[in-house]
Each structure stands twice: as C-alpha cells, then as structure tokens.
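J.:
Numbering (the working numbering), first residue to last: 494 to 625.
1) Alpha carbon to alpha carbon, what distance is there between residue 533 and residue 544?
2) Tell me the DSSP secondary structure of residue 543 in three-state form.
3) Does any heavy atom of the ligand GTP sit closer than 8 Å to the C-beta of residue 522?
4) Between which two residues does the beta strand (DSSP E) holding residue 597 run?
5) Count the other CB atoms, across all protein chains shown, that sit within 10 Å of the CB of residue 589; report buried if there are 16 or more and exposed otherwise.
6) Here's a check: name, in chain order, each residue in its chain whose Cβ is nearer than 6 Å to the Cβ of residue 586, leaving out the five neighbours to either side.
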C-alpha cells in the first residue's frame, strides 16, 4: 500500500492540511473497524507495517492530540460508530480571520502539521453507548 493523495484533498487555507475520505479503501476500513480495540489483530499489524505508521486509539475525539513523537505531521483517522446516525463532528481550522469547518465522518482522514492548532467543536448529540 502507498499513500496516493489526490490534489483535490490538499488544501492551503486557512492552514495547510489534507482532508480525505478516500485515502484508505472502504474494505480496509471495515476490516480495521471490526478490530478497533485489538491493535494486535493481524489486520492492524499488516496495516501498520504496510503504511509505516504508529496508531493510538481514543474513545472520543474532543481535542487535538499531542504527538507521542517529534514528527512534522500528525494524522487523525475517524471511525464513526455504526450506531451513530448523527451528523459528523466538527473541526475548526483558523488562521487570523480566515476559518473553515471540517465535518468528519467514518473513514475520514485529517493530516496536518503537528505544530498547527485547531479546535474540536462540541458535539450536538451524545455518542450511542453499548449496554454491558
């Protein structure tokens, strides 16, 4: 696998970022979604090895993350619960008075320089919970 990023997914305003829901095939996403809590599963191991990335799981996305290593870029890959029928969450990118809101859905990826800031907008609906 390789990262083939179409020009249409590369944006310069308000800050440079890549925003796409086509970087990862739907089949790969579905296989990994089924094992979201098992990073040792063969699907995740293969993905991590093939793509040469590190993966960290978070139950909910409420703020930007601090990279665990000193990297030039950080990527956010969104896995939306299948029971979540609400509109995607929002990320606000700001540069002075120029701003843009990105709505994220399942299998959407944001790649941004690790020293850039953004705001995660509050959810309008609570996440669905599974009964245990």
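Don't be surprised by glycine CBs; every beta carbon is placed ideally from N, CA and C.
T.: Let's see:
1) 16 Å
2) helix
3) As for the ligand GTP, it is missing from this structure, which has no ligand bound.
4) 591-597
5) exposed
6) 507, 508, 593, 611
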